[in-house]
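Our numbering numbers the first residue of the sequence shown as 70 and each following residue consecutively. Beta carbons are placed, not taken as given, at the ideal position from N, Cα and C, and that holds for glycine. Predicted, not measured: the structure shown is a model, and the values here were computed from it. This report refers to the structure that appears directly beneath it.
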Amino acid sequence: MTRIKHILTTGQPGETLTVKGWVRTKRAAKKFTFIEINDGSSMAGLQAIAGEDIPDYANSMARLNTGASIAITGTLAESPGKGQRVELQATAIEVFGESDGETYPLQKKRHSFEFLREIGHLRSRTNTLSAVFRVRNACATAIHQFFQQQDFLWMHTPILTASDCEGAGEMFTVTRFNLDNIPTNKEGKADYSQDFFGKPAYLTVSGQLEAEIMAMAFTNVYTFGPTFRAENSNTSRHLAEFWMVEPEMAFCDLEGNMDLAEAFLKHIFSYVLEHCADDMEFFNQRIDNTVLETAHNIINSEFARITYTEAISLLETAIEKGKKTFEYPVSWGIDMQSEHERYLAEEHFKKPVIVTDYPIGIKSFYMRLNDDNKTVAAMDVLAPGIGEIIGGSQREERLEMLERRIEEAGLNKEDYWWYLDLRRYGTVPHAGFGLGFERLVQFITGMTNIRDVIPFPRTPDNLDF
Ligand code: ATP
Ligand code: MN
């Protein structure tokens, strides 16, 4: 069986072959029928022509509705039609599964993304969603390729965890308790000593802390796996279950971290442009006519690099000069809102910008304290159209400082004994970052809703398929 994308690019007239896939359209002429068949390997399908001479012609054609699964055997010929190089002259057609053309939900018209989400089991057969998932696959491949070429080891960090990495809450609890009858202790609270792990367990929000463990053995590692957030934010950029990429590098400072993040994004974009050219062309035409320009901008421009303090001044100046109004107030110390991040990336720099050295008060305890005692060695990569796409930092490698930061964050030092041990035995300057994988796919494709870049989105009140 030959996949359609190869036939379309390298198939030679005269070749005999069999393709298998699903019928996209069928158009009957007098003595023959045009069938467009798609197997998901490319945006374009293969056009086949079945003449009256094929076995059981009338009956076969009657069974070929949109959505039916078929195999067509035939000979390739140069195509007189526009838009394709070759077409398939059928000699035999086999129908695997018919499709009721009346009730098949994917009719030949544009469906809204909202509607397509309701048919999550079929939407991947549409042009847009299939292009998204091919690009998603290419992104994942590019990510592994990038790290593997540089001798990073891929580490599988756990999904079940007892630690709340960010100290931020918003985690899903995992339990074997019968929720209608939870064992309680003397205080009337849930008695976790009777639960599966003997203590509260959660779905992980990040693999970073475990990645740090592995970086202290392998120098450079990365994680790439699912993470979970129980935040009830029904936005176009948040999922309850999403994939995260987290490289962690020993003997690396903030500068090295920024260099890696920039090279990383450039590699992914180049890879996708090379391997998904038709899909990217499609997004540019149909979804967002800036995606190709943006991709070239990422690949060819040097990312801007500014400190948080400089970023706040830029925002304040924009407000003073009347160039921009924001919904949320701006002053040193704020956690920048997406409107602020987007102003910097889209309007001020018109390219990705890396903001560094954030106030200690708005960042996590593990980020390395700067000498000014006010800021930490954090970095966020802000991208046009999206805002924050990467968040990272140099980690606090000094034992006493880290102990102090854990206490100040109101966390329990005992819970982090192993994390602190890494600072006791062979500690090194190290750094890493996290990339929300779906945010990346959104950014590349121009898709506005994060629910449309993951095959099966999990969001509040939504757990179908
Ligand atoms: P945001 O402010 O957008 O909620 P965050 O500060 O909570 O992001 P981090 O904790 O830094 O995000 O997580 C690392 C990366 O994971 C983010 O830069 C983002 O790309 C992605 N991310 C975070 N939360 C989600 C989510 N709920 N759904 C999808 N991606 C997410
Ligand atoms: Mn968040």
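On the DSSP letters alone, give me the boundaries of the beta strand (DSSP E) that residue 162 sits inside. 155-166
Helix, strand or coil for residue 382 per DSSP? helix
Among the candidates 251, 93 and 142, whose CA atom is the shortest distance from the CA of residue 173? 93
Using only the heavy atoms of ligand 1, determine whether one of them is closer than 7 Å to the beta carbon of residue 313. yes
Since residue 223 sits in a beta bridge, which residues does DSSP pair it with? 291
What residue does the alpha helix (DSSP H) around residue 95 start on, and which one ends it? First-last for residue 95: 85-97, but that is the beta strand (DSSP E), not the alpha helix (DSSP H).
Does the separation of the CB atoms of residue 326 and residue 501 fall below 8 Å? yes
Could you tell me whether the Cβ atoms of residue 336 and residue 211 are closer together than 8 Å? yes
For residue 204, the three-state DSSP class (helix, strand or coil): helix
If you drop the 5 nearest sequence neighbours on each side, which residues of the same chain put their C-beta closer than 6 Å to that of residue 206? none
Determine the contact status of residue 277 and residue 317, defining contact as a CB-CB distance below 8 Å. yes
How far does the beta strand (DSSP E) with residue 426 in it reach, from first residue to last? 422-428
Looking at residue 281 and residue 491, is the spacing between their C-beta atoms short of 8 Å? yes
Hey, would you say the C-beta of residue 409 is under 7 Å away from at least one heavy atom of ligand 4? Of the ligands one can find in the structure shown, namely ligand 1 and ligand 2, none is ligand 4.
From 466, 191 and 113, pick the residue whose C-alpha is nearest to that of residue 321; which is it? 466
Nearest-angstrom Cα separation, counted from residue 382 out to residue 150: 59 Å
Look up residue 318 in the DSSP assignment and say whether it is helix, strand or coil. strand
Here's the rule: buried if 16 or more other CB atoms are within 10 angstroms of the residue's CB, otherwise exposed. What is residue 507? buried
Along the chain, where does the beta strand (DSSP E) that runs through residue 449 open and close? 444-452
Note down, in chain order, each residue of its chain lying with its Cβ closer than 6 Å to the Cβ of residue 293, except the 5 sequence neighbours on either side. 314
Would you say the beta carbon of residue 228 is closer than 7 Å to some non-hydrogen atom of ligand 1? no
I think residue 445 touches residue 451, with their Cβ atoms under 8 Å apart; what is that distance to the nearest whole Å? That pair is no contact at about 17 Å.
Of the residues 403, 241 and 407, which one's Cα is nearest the Cα of residue 430? 403
Is residue 377 buried or exposed, if buried means 16 or more other CB atoms sit within 10 Å of its CB? buried
Skipping 5 residues on each side, what residues in its chain have a beta carbon closer than 8 Å to that of residue 345? 200, 203, 204 and 207
With DSSP as the reference, label residue 245 as helix, strand or coil. coil
Own chain residues within Cβ distance below 6 Å of residue 356, not counting five before or after: 515
Whole angstroms are fine: how far does the CA of residue 251 sit from the CA of residue 259? 6 Å
Using beta-carbon positions only, say whether residue 291 and residue 216 come within less than 8 Å of one another. yes
Quick check on the DSSP output: the alpha helix (DSSP H) that includes residue 105 runs from which residue to which? Residue 105 -> not in any alpha helix (DSSP H); beta strand (DSSP E) instead, spanning 101-107.
Between which residues of its own chain and residue 301 is the CB-CB distance below 8 Å, once the five residues before and five after are set aside? 529
Using a threshold of 8 Å, state whether the C-beta atoms of residue 519 and residue 308 are closer than that. yes
By DSSP's criteria, residue 296 is part of a beta bridge. Which residues make up the other side? 311
Whether or not the segment 253-270 and the segment 364-373 are in contact is what I'm after, with contact meaning three or more pairs of Cβ atoms, one per stretch, closer than 8 Å; do they touch? no
Beta strand (DSSP E) runs wholly inside the segment 324-406, at least 3 long, in chain order: 373-376
Give me the residue from 88, 166, 266 and 156 with the minimum Cα distance to residue 138. 166
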